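In what follows, a structure is listed as structure tokens, so that the remarks can point back to it.
Number of protein chains: 2
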Amino acid sequence: MSVVDTKRPNNDLNQRLGVSGFRFTPQRQRVYDVLWEKRDHPTAEEVFIRAKHRMPDISMATVYNCLDALVKSGLARQVTLERGATRFCPNMEEHCHYYCDTCGEVFDVPFPTESAVMPHPLGFKVDHYDIAVHGLCAACAAQKNS
Amino acid sequence: MSVVDTKRPNNDLNQRLGVSGFRFTPQRQRVYDVLWEKRDHPTAEEVFIRAKHRMPDISMATVYNCLDALVKSGLARQVTLERGATRFCPNMEEHCHYYCDTCGEVFDVPFPTESAVMPHPLGFKVDHYDIAVHGLCAACAAQKNS
DNA sequence: CCCTCATTTAGAATTATTCTAAATCTTGAC
DNA sequence: GTCAAGATTTAGAATAATTCTAAATGAGGG
């Protein structure tokens, strides 16, 4: 736990789950840890593989269950950038995702949504923003020009 | 063609496809028409069902092919709001999607992206923005309070 | 300790999308 | 016009992603 866990909420996972009506379980802890170990927006299957290393009996269904519980408890975000597998992200600060359509890399960029004044449909109650920017990362752009 | 096709690009579909290396076909025309007939962000399967009414022999694989051709030609956008089927949208003006997490309805709201100054990762070449706002629509919000 | 209910698990089932191979169609060269 | 090359369509198979099911386990409250 020495490494990069900047801004990880110090609130007890136990408590955060409890507020949303979920129980704390070792599996949920493990899945949450996996998300923090490498913030590279893994898919459910990638989380499954990584979780298995230290918890070999965990099942795919449990990974989905845990991810859903974390999302519903406000401890992780679902990120749907394109067709195919959904990705997950434990960064709950307001930010947007720069997505390289060529190599698939995702970059988190802090972005305060109040800086953009958007006209809402009448009576719409906003829960959260989901901002993706598609394009070419520097590396892939360089490759294309060569 | 009398109805609501505001802002539909008057450019020839033929030509727009051609520029991207695709051929014009009746199926692509039909799929494009379906998207304009009812701008409710249908899934590929919904497009398939609607397209079939006037073109009974069209197949699912063709619908996917046509949608991909339209997206690659800049005539439609892919919209991935949540897990599950991708939706499609022929509105190419800059706009964001307000999405009701309860009833699934999608509202297009014009939104000039240059109004939000975002810091890009170094060297990133932006292709397009994909902005979703999740929450509760007016109708669903009302229902919850009663 | 017992009851209830949440959770986990493996595997089946479902849904969404992509792939394959054969048939058809278009286009450009001759 | 005829022909070859290559794009497109089609049905169906295959794959990928997710959800469901039913049985087993586990934890908390009385």
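For the record, the sequence lines run as chains A and B. Residue numbering for the first sequence is 191 to 336, as defined by the numbering used here. Residue numbering for the second sequence is 191 to 336, as defined by the numbering used here. The beta-carbon is built from N, C-alpha and C at its ideal position, and this holds for glycine as well. Small disclaimer: the values here were computed from a predicted structure and weren't measured.
In DSSP terms, what B/PRO300 is bridged to: B/HIS285
Buried or exposed (CB count within 10 angstroms, at least 16 for buried), A/HIS231: Its Cβ being crowded by 16 or more others within 10 Å, A/HIS231 is buried.
Beta-carbon gap between A/CYS293 and A/CYS330 smaller than 8 Å: yes
Segment contact flag, the region 238-246 of chain B with the region 225-242 of chain A, C-beta cutoff 8 Å, min 3 pairs: Three or more beta-carbon pairs separated by less than 8 Å are not found between the region 238-246 of chain B and the region 225-242 of chain A, which leaves the two stretches without contact.
Sequence-distant residues of the same chain with beta carbon closer than 7 Å to A/SER210, five excluded per side: LYS262 and SER263
Beta carbon of A/LEU207 nearer than 8 Å to that of A/PHE214: yes
CB contact check: A/PRO280 to chain B, cutoff 8 Å: A/PRO280 does not count as touching chain B.
Option in A/ALA259, A/GLU227 and A/TYR254 with minimal Cα separation from A/ASN204: A/ALA259
Unbroken alpha helix (DSSP H) run spanning B/PHE212, endpoints: Unbroken run through B/PHE212: none, as it is neither H nor E.
B/LEU326 in three-state terms, based on DSSP: Strand at B/LEU326.
Members of the region 288-308 of chain A near chain B, C-beta cut-off 7 Å: TYR288, ASP291, PHE297, VAL299, PHE301, SER305, ALA306 and MET308
A/ARG277 (DSSP reduced to helix, strand or coil): strand
Contact with chain B by A/ASP317, beta-carbon distance below 8 Å: Yes - at least one Cβ of chain B is within 8 Å of the one on A/ASP317.
Min CB distance B/ASP320 to chain A below 8 Å: Yes, B/ASP320 counts as interfacial toward chain A.
Spatial distance of B/ASN281 from A/ILE321 (CA atoms): 18 Å
Three-way DSSP call (helix, strand, coil) for B/CYS293 in this model: coil
Neighbour-count burial assignment, B/GLY325, 16 or more Cβ in a 10 Å radius: buried
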